[in-house]
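Right, one structure below, let's go through it.
Residue numbers (our numbering): 2 to 211.
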């Protein structure tokens, strides 16, 4: 009965939920913004194990019709609880900006840090992630991680093997990195980006569509 009441947007006892800030009934408890401190937020401290139950619907579909329902589990671990929320929102906005085909059939890797400030977390392995979005026009993000400090270069090549851009060519500390690549001066087509960090070399393909 508790779950049934919650699915109907009521308290576990079957009573309407009242937003203490607006004094209005609601089906969305704690709908405030913890970053700004506005609205109904959960101020009680918890040592872990906190969670939530979320219901959606109803869905209206024609008889014998089919629908895709896409669900995303998005990890976001920042330096603080509020910073984690900020990172989660950033990742959510990114996923919402991607096309259905990219989400359903593509490969998406998301790095938290930027080129100037590596994350304090030290990766265990070298990795060059798939750029996103891909295909792109005209900008895309490229992220990678290095478990050791080394001289690193990140270069762009066309299908003929000609180097068309050098994004990074310097000594960098161990960490995770991300950089924007603007291809507004290049023509549509297939390009390759290659990371060389010490003895590690990896190349991936990306598609520019204008």
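C-beta atoms are modelled at their ideal positions from N, C-alpha and C, and glycine is treated no differently. This structure is a prediction, so every number in the text was calculated from the model and none was measured.
Flag this pair as yes or no: are the beta carbons of residue i and residue j separated by less than 9 Å?
i, j, result
"residue 88", "residue 133", "no"
"residue 211", "residue 139", "yes"
"residue 123", "residue 176", "yes"
"residue 75", "residue 35", "no"
"residue 209", "residue 192", "yes"
"residue 22", "residue 40", "yes"
"residue 263", "residue 168", "This structure does not reach residue 263, given that the chain is present from 2 up to 211, and the question cannot be answered."
"residue 174", "residue 189", "no"
"residue 204", "residue 129", "yes"
Where residue i and residue j are concerned, what is the direct C-alpha to C-alpha distance, given to the nearest angstrom?
i, j, result
"residue 127", "residue 73", "26 Å"
"residue 37", "residue 31", "13 Å"
"residue 157", "residue 166", "5 Å"
"residue 154", "residue 172", "9 Å"
"residue 84", "residue 43", "16 Å"
"residue 136", "residue 142", "11 Å"
"residue 54", "residue 29", "11 Å"
"residue 6", "residue 66", "29 Å"
"residue 19", "residue 8", "16 Å"
"residue 70", "residue 97", "14 Å"
"residue 201", "residue 170", "14 Å"
"residue 4", "residue 125", "42 Å"
"residue 12", "residue 56", "13 Å"
Quick check: is any heavy atom of the ligand MN less than 8 Å from the C-beta of residue i?
i, result
"residue 31", "No copy of the ligand MN occurs in the structure displayed, which carries no ligand at all."
Are there 16 or more other CB atoms within 10 angstroms of the CB of residue i, so buried, or fewer, so exposed?
i, result
"residue 60", "exposed"
"residue 184", "buried"
"residue 16", "exposed"
"residue 1", "Past the edges of the chain, shown from 2 to 211, lies residue 1, and the structure says nothing about it."
Three-pair Cβ contact test at 8 Å for the stretch 160 to 167 versus the stretch 138 to 149: no
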